[in-house]
Structure formats: structure tokens, C-alpha cells
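**Q** Each residue of the sequence shown is one higher than the one before, starting from 186 at the first, in the numbering used here.
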Amino acid sequence: TPLKLIRNFSIIAHIDHGKSTLADRLILATGGLSEREMTHGQVLDNMEIEQERGITIKAQTVRLNYTASDGETYELNLMDTPGHVDFAYEVSRSLAACEGALLVVDAAQGVEAQTLANVYQSIEHDHEIVPVINKIDLPAAEPDKVKAEIEEVIGLDASDAVLASAKAGIGIGEVLEAIVQRIPPPKGDADAPLKAMLVDSWYDPYLGVVILVRVIDGTLRKGAQVKFMAAGTTHLIDRVGCFRPKIEQLNELGPGEIGFITAQIKEVAQTRVGDTITDARRPAAEALPGFKEVQPVVFCGLFPTDAADFEKLRESLGKLRLNDASFSFETESSAALGFGFRCGFLGLLHLEIIQERLMREYDLDLITTAPSVVYTMHLSHSKNEDAQTIELHNPADMPDPNRIESIEEPWIEATIYVPDEYLGPILKLCQDRRGIQKNLTYVGGRAQITYELPLNEVVFDFYDRLKSMSKGYASFDYHQIGTREGDLVKMSILVNEEPVDALSMIVHRGTAEARGRGMVERLKELIPRHLFKIPIQAAIGGKVIARETISAMRKDVTAKCYGGDATRKRKLLEKQKKGKAKMREYGSVSIPQEAFIAALRMG
Ligand code: GTP
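1) Distance, Cα to Cα, A375 vs I191?
2) Count Cβ pairs between the region 276–294 and the region 199–212 that sit closer than 8 angstroms; are there 3 or more?
3) Please tell me whether, using a cut-off of 7 angstroms, the distance from the CB of L301 to the nearest non-hydrogen atom of the ligand MN is below it.
4) In the DSSP assignment, what residue or residues form a beta bridge with L625?
5) Taking the beta strand (DSSP E) that M704 belongs to, which residues open and close that run?
6) Using the C-alpha atoms, what's the distance from A555 back to L688?
7) Is any heavy atom in the ligand GTP found nearer than 7 angstroms to the beta carbon of A723?
8) Going by C-alpha to C-alpha distance, which of E682, R694, L679 and R278 sits closest to P474?
9) Need the endpoints of the alpha helix (DSSP H) that A333 sits in, please.
10) Under DSSP, the alpha helix (DSSP H) around F495 begins and ends at which residues?
11) Please state whether the Cβ-Cβ distance between R429 and R210 is less than 8 angstroms.
12) Which class does V304 belong to by DSSP, given the choice of helix, strand or coil?
13) Verify the contact flag: T266, CB atom, against every heavy atom of the ligand GTP, threshold strictly below 7 angstroms.
14) Say yes only if the C-beta of N319 is nearer than 7 angstroms to one or more non-hydrogen atoms of the ligand GTP, and no if none qualify.
15) Relative to the ligand GTP, is the shortest distance from any of its heavy atoms to the C-beta of L147 smaller than 7 angstroms?
16) Tell me, please, whether the region 462–473 touches the region 532–542 by the rule of three or more beta-carbon pairs shorter than 8 angstroms.
17) By how many angstroms is the C-alpha of N641 removed from the C-alpha of Y391?
18) For A599, which residues from the same chain have a beta carbon less than 6 angstroms from its beta carbon, with the 5 sequence-adjacent residues on both sides left out?
19) What's the gap between the Cα of Y259 and the Cα of V289?
20) Alpha carbon to alpha carbon, what distance is there between E275 and E442?
21) Please state if the CB of I446 and the CB of E405 are separated by a distance shorter than 8 angstroms.
22) Are the region 672–679 and the region 697–716 touching by the rule of at least three beta carbon pairs closer than 8 angstroms?
23) Taking only heavy atoms of the ligand GTP into account, decide whether any of them is closer than 7 angstroms to the Cβ of A214.
24) Do you know how far the Cα of S513 is from the Cα of E452?
25) Assuming contact is defined by CB atoms lying nearer than 8 angstroms, are N319 and S344 in contact in what I supplied?
26) Whole angstroms are fine: how far does the CA of N579 sit from the CA of G486?
27) Are the CB atoms of V172 and R732 nearer to each other than 8 angstroms?
28) Would you kindly report the start and end of the unbroken beta strand (DSSP E) that includes I339?
29) To the nearest angstrom, how far is it from the Cα of T516 to the Cα of F526?
30) Applying the criterion that 16 or more other CB atoms from any shown protein chain within 10 Å of the CB defines a buried residue, is E594 buried or exposed?
31) What is the DSSP secondary structure of E275, reduced to helix, strand or coil?
32) Determine the closest residue to L551 out of L361, F413, A214 and D491, with distance taken between C-alpha atoms.
33) Cβ-heavy atom distance between G657 and the ligand GTP below 7 angstroms?
34) Would you call the region 453–461 and the region 379–389 touching, i.e. three or more CB-CB distances under 8 angstroms?
35) Where E682 and L708 are concerned, what is the direct C-alpha to C-alpha distance, given to the nearest angstrom?
36) Tell me whether T516, by its Cβ, gets closer than 7 angstroms to a heavy atom of the ligand GTP.
Given below as C-alpha cells:
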């Protein structure tokens, strides 16, 4: 397809403003699906339906052919982008593959905080942004007010925003015309050596690893020998194609086009998002700019609640990794929790997604230890070892404190958008978390705050706090800005004088006491009484910084049974036995599984 007839775009929308419905409408209007297929459910985000049709779950890009009012038939590539900060790099590559975006705003809800971060990213990629005011069929729709808001809050001209109802099928033709007329065609040189960007990849049981590409220069042909420049590997392209959304095989992808290739690659880990694919025989002189190796930044332990599930957990993690090379896992053992895995993730949401999938899709019951970041430790020499620098992923592996010369921790720069009325508490939250304020400006009725924060402080429920303090209106975005030295110490939690490895954590000395106090108070509530007194302590080195005591109790469950009823008595005893099965014997203290989970949940 000639460049002037290609349009590559994505859709930006707040959750529920109608992104999927609009995407389905565009597919329907251009003949990619029949009305009957469409009424079966949303195409872009319905796993079951996608599986039924034999198209891939991650069909992220759909190619549409649209004959416009100028009589020309255009190739439209609609790219879906993941919507969260943890996948910021993937998002940035998807955006780099497009020249424009539709900004979908609900006519009754208006612009919402979360939309802002995405719009700004899109603007940074020099996208032409077409505002679409959706749901104009609703009685509460106020398109003029929303237009004014788009202009005031985002600073985009909304005078020729398209008014639409994705549900009722209103304005769909106008959206298609706007894509063709307002979004610029891609640029590229057909005669230059091949340069294509690896936008995304996933594992498909039938096709193997499928790679989504955007060709910049040259042509990507079936049967060609290509080189992945960052990975340094060469592969033979055995399939080239696109999704309509059904798979269509093609002979080639020309400059400006988006499509997929397969090359008998077995593992997603061999394909790196942002890599440059070039011709092995006539390679490009330089790779595309912006390649970044993504590294896990948040680590935690995942343990099966039932020790018998250990192998099942290993298998499940292996399966998930087939499709997600950005998380890592290795075996770990804990006195409190038994055998499990130390896992690394791109961020907290990524952690939650994997955890959720293990529980839902693989039916595993798991305990997650407190998330930790990667610390760089500079150690002095000791009798047996030279001075060295190590990376610590697990607080339980903390080296001898006497050998620690200094510890560096990762820092981030966070951008927060929040309506004015919630600003105060959020500034305090950032301040309490050792944040350094860099900037505070107003965009419309919203504040945009920039803070430098230690990542360590953000992995502990920062995001949840931010959301609850702002009634869900604050949006949060961050990127790493390197490591800085910090006054960090390992805090141990001792139950009945014994340290519980799964509960130890690395904290800043300044916040250690508050966090230690919180932890022992919670544990006091969570650990049942025993026949003896149980001290619960938080300690740094040998020094106790917080302490609670669980007083002794005679636990006689059958005492409630007023003699007689034998069945009731037996039932109670059985219940107690079951309860015991879920206990972890800790020294002479039994700690119920839930106590760990609850204690860990709060951080
Ligand atoms: P996520 O997939 O959760 O990100 O949401 P989304 O932005 O893709 O929104 P989706 O298309 O799932 O639509 C959200 C809800 O709004 C659904 O119940 C749709 O039926 C409804 N909806 C979408 N477009 C319209 C519209 O034009 N008018 C009305 N009344 N409802 C709409």
C-alpha cells in the first residue's frame, strides 16, 4: 500500500468511555466483522470470543480497509495499547508505531484524570489527536461542556470534535473520515535497507511466537533472512500477515505498515520490545532510537498456601512466562512459608496481574511477601571475602550489617494529576514518603505535581492511598531516575523471640519505627492467644523498636458446649483440627496463615 493511503492510530480513553465499543463499530463499518459476530461481544477485549474464532488473544492491531469520500481505499491500522504505568515502555513503543490517536471522551462524564497522562504521552509522540465525544445518545450528554473541557484541561482544539454514539452507531462514518483526513500518513523509504520496529510479541499455541511489527523503511518479506539488532540473532521469516481481526497471511509488509511475522521462535524471551529488525544481508547502518532493555524492578516471594502445590506453582509460572518475558522467578525457601519462588516484576500492577492469573486461571492459593525493590549494597572486605558490590532482591538475604559501607536504592520521578480539592492530602502523602517536590502547576481545575520519590516508598500501598485519598481521581505515572544512597536498615519481626523471615523488610531509618509499630500492632490482632505469653517485636539489628505482647489464655473450645451434645462437641473439635492444618508452627507458636497474609497485605 502506498504511504499516502496508510493511517496508523490508537484509541485513548478512560475506562468505560467506550473504547472497545467504538473499535468494534469501526471494524463492523469497514466489513471486518458481520453484525452477528459483533453482537456476540466485544472483539478487542473478549478472550473467549477471540479464542472461538481462532484468532489470538493478544490481537493488538486490526487492519481495516476503508473507502473514503474521496474515492480512495485506505489501509487503517488500529493499535490497542496497554493502559498502565508498569507497561510504560510497551505503551511508548506502541505509540511510536502510530501517527495519531482518537481521544474518546464520554459526553456525560467529561475528561477524567486518567485520560490526561495518556494524552500527554500521545502528544509527546507528535500525534495528531482527534477528539471523539462518545455516548451522545445519553440524556445526560453535554457535548458542548465536554468540548470546552477538552480545550481547557488538555489544551486541544475541540471545535471539530466528532460527536458519536458507538453503541447506537451514530457518527461512525465521521470518525472514519476524520482518521483519513486529519491523521497524517506515515513516512518511510521503500528503497532504504529494511528497518522495522518490534512493537510486541506473544506466544500462540498454533503459530509459536508472534511478533507485531511496524515497518519504517524497506520491505519485510516472507522467506527473508532477518537480523534482530539488539538481540544479535538472525531468523527466517516464515509468515507475514495482519489481523482483520481474523488472521490474513500476506507476502510482505511495506514501509509504514503494521502487521505480524513469525519465524519459528520458541520463546517470547528471545524477542525484545523496541528491537530493530533488519535485513541480514543488507542491514541498516543504525538501529531505531529508543531501545530499552526492561528489567524487573519489584520483587516478592510467592508461596503456595498448600505446600503440595509447589510443583503446580512452578509449572504455572513457567506457562505464564512463555507469554511474558518481563517477569522472572527462582526458587526460594522460607522457614515461615516453606518452598516458593522469588519473582521479579515491572511494577506493582504487573505483580498483581500475575498473582491474579495464578489464582484464577491456575486455581492456586498463594501467599505474597511484602514487595521489595532492588538495593545496591557496597560491602567492605571481611576475613573471608573481598570488598564487593551486590544487588539485593530479598531482605532475607541481607548481608552482615557490619560489612555494609553504603546502600543505594532506586528513585523515581512521579507525575500526579489530581483535582484541586484533593491536593493537600496528596502533598502530605508524598512528603511522608520522603518525596522531594519538583514542580506544581495547574491545568484547568487540576494540579499537576512532580515528585522525586524512593521506589521503596511507592511499592508499599502508595497507589492505593493515592486512589482512596482522591476518590479515584488522581492519576499517577512514573519513570526511574537512577539510584541514590539512603539510610536503610533491615527491620526484623520477632514472634516469641524468633525472627519470622517472611516478614522482614528493608526500611528507611526515619520511617522504621512507625512501620514496625504498625506491623506488631496488626500481628497482635491477628495471632491467636496461646497458653503462654507471646512477645511480638520489631527490631533493627539487636535493638527492639516496637513491642506488643499477646497475653496467655486457656483455650478450651469444648467448654462452650454445656456438657450434653456430643455431635456438636465433635464438630467443634473437627473444626479446630482443620484450623490447625492451616497454622504455621513457629517455634512453639502457631501462626495462622491468614495472619501472615493480612500482615503482609498492609506492608
Ligand atoms: P474498558 O474496556 O473497560 O476499558 O472500557 P471501554 O472504554 O472499552 O468501554 P466499553 O466499550 O466497554 O464501554 C463501556 C460501557 O459503555 C459499555 O456498557 C458500553 O455498552 C457503553 N457504551 C459504549 N459506547 C456507548 C454509547 O455511545 N452510548 C451509550 N449509551 N453507551 C455506550
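Yeah, the Cβ is synthetic: ideal placement off N, Cα and C, and Gly gets one too.
Keep in mind that this is a model prediction, so the values were computed, not measured.
**A** In this structure, then:
1) 14 angstroms
2) yes
3) This structure lacks the ligand MN; the ligands present are the ligand GTP.
4) I634
5) Per DSSP, M704 belongs to no beta strand (DSSP E); it is in the alpha helix (DSSP H), R694 to L711.
6) 7 angstroms
7) no
8) R278
9) P328 to E334
10) F495 to N508
11) no
12) helix
13) no
14) yes
15) A query on residue 147 cannot be resolved here, the shown segment of the chain reaching from 186 to 788 and no further.
16) no
17) 41 angstroms
18) Y636, L638 and Y663
19) 22 angstroms
20) 19 angstroms
21) Note that residue 405 is Leu in the sequence shown, not Glu. A contact, by the Cβ cut-off of 8 angstroms.
22) yes
23) no
24) 14 angstroms
25) no
26) 8 angstroms
27) A query on residue 172 cannot be resolved here, the shown segment of the chain reaching from 186 to 788 and no further.
28) It is not in any beta strand (DSSP E) - I339 carries neither H nor E in the DSSP assignment.
29) 4 angstroms
30) buried
31) helix
32) D491
33) no
34) yes
35) 14 angstroms
36) no
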